[in-house]
Amino acid sequence: MNKELLQKELMYRTSRSGGAGGQHVNKVESKVTLVWNVNASEVLTEDEKTRVLQKLTNRLNKEGVLQMEASTERSQIKNKEIVTIRFFDLLHQALKKEKKRLATKIPKSQILDRLDRKKKQSQKKQNRKKNYNAEW
């Protein structure tokens, strides 16, 4: 995956940030929205595209477009850097192949320890019972 080529496929939109902030937030378009169409990507292979579509289904719209926003900073440039870094982190996580778990047998010592603990707990509870027949 070539980051430079992929970055050329990204589209950025700016808008005014919401929330409190006074005059600055009302007149400056500092919120940045990153838009990327997975299906139209020429950088990713078909296998990578299907993996991204599967892993990011809840973040994509019906057309397969990913939109991410950043509005934490006062500067549009910083917000653009933040959303780009978040995008590449998300894409890296989506493309990472998960290792399959190897099924292992439980060691005999652990099984014996568990059974021993159960016996001790059972004995403890048995000792709490009163033997009414012995008192007569």
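Start counting at 1 in the sequence shown, then tack on 57, and there's your number in our numbering.
The beta carbon of each residue, even a glycine, is placed where N, CA and C say it ideally should be.
Compute the Euclidean distance between the alpha carbons of residue i and residue j, then round it to the nearest angstrom.
i    : j    : result
V100 : E66  : 9 Å
N136 : Q64  : 15 Å
K112 : Q180 : 51 Å
Q178 : P164 : 22 Å
F145 : I134 : 17 Å
K200 : E155 : With the chain running from 58 to 193 in the structure shown, residue 200 is simply not present.
N184 : I168 : 24 Å
L159 : L110 : 27 Å
For residue i, collect the residues of the same chain with a Cβ closer than 7 Å to its Cβ; drop the 5 residues on either side in sequence, then sort them by chain order.
i    : result
R108 : A151 and L152
R116 : L123
Using only alpha-carbon positions, find the residue among the options that is nearest to residue i.
i    : options                 : result
A127 : N115, T141 and G121     : T141
A97  : K88, N115, L123 and S74 : L123
T71  : R116, G78 and S132      : S132
L148 : T114, S74 and K157      : T114
R73  : E86, N190 and R185      : E86
L62  : W93, D173 and Q80       : W93
Just to check my reading of the structure: residue i and residue j have Cβ atoms closer than 8 Å, yes? What is that Cβ distance to the nearest angstrom?
i   : j   : result
K84 : V95 : Between V95 and K84 the Cβ distance is about 35 Å, and since that is not below 8 Å, they are no contact.
So, are the CB atoms of residue i and residue j less than 9 Å apart?
i   : j    : result
V82 : I139 : no
L91 : M68  : yes
Looking only at its own chain, which residues have a Cβ that is under 8 Å from the Cβ of residue i, when we skip the five neighbours before and after it?
i    : result
N188 : none
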